[in-house]
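**Student:** Sharing a structure with you now.
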Amino acid sequence: MSTKERLKRVFAQALDLEPGTRIEELRYRDIDKWDSLGHMALVAAIEDEFAVQFDTDQVIDMSAFKVAYDMLREMGLGD
């Protein structure tokens, strides 16, 4: 499974997204479930899935699916 597909799966599970949600277009606070608590759960789920550790600035800057994916790519985990 590609990094992008794995990340989509993590987003879907961590934020309990409805089928058909356009995950790649999702931004922080676009949906009620991606609030501050949902954000921390999402960050933890991404860290667990990819065995990475985000620093505080990265956690704060993770404002969209694309941003999270780009961060993983910068860590050498992209497709």
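In numbering that gives the first Met the number 0, the protein residues as written are 0 to 78.
C-beta: ideal position from N, C-alpha, C; glycine also.
#1: Cα-Cα, which of Leu71, Ala63, Tyr68, Ala67 is closest to aspartate 29?
#2: Are the Cβ atoms of leucine 25 and phenylalanine 49 separated by less than 8 Å?
#3: Can you check whether the CB of methionine 74 is closer than 8 Å to the CB of lysine 51?
#4: Considering only their Cβ atoms, is the gap separating leucine 71 from alanine 6 smaller than 8 Å?
#5: Buried or exposed for leucine 14, going by 16 or more other Cβ atoms inside 10 Å?
#6: For the region 1–28, list the alpha helix (DSSP H) runs that are entirely contained and at least 4 residues long, ordered along the chain.
**Tutor:** On the basis of the data shown:
#1: Looking only at Leu71, Ala63, Tyr68, Ala67, the smallest Cα-Cα distance to aspartate 29 is reached by Ala63.
#2: Their beta carbons are not under 8 Å apart, which means leucine 25 does not touch phenylalanine 49 by this criterion.
#3: Correcting the residue identity first, residue 51 is valine in this sequence and not lysine. A distance below 8 Å separates the beta carbons of valine 51 and methionine 74.
#4: Residue identity differs from the one stated: residue 6 is leucine in this sequence, not alanine. A contact, by the Cβ cut-off of 8 Å.
#5: Burial call: buried.
#6: If we require 4 residues or more, the alpha helix (DSSP H) runs fully inside the region 1–28 come out as 2–13.
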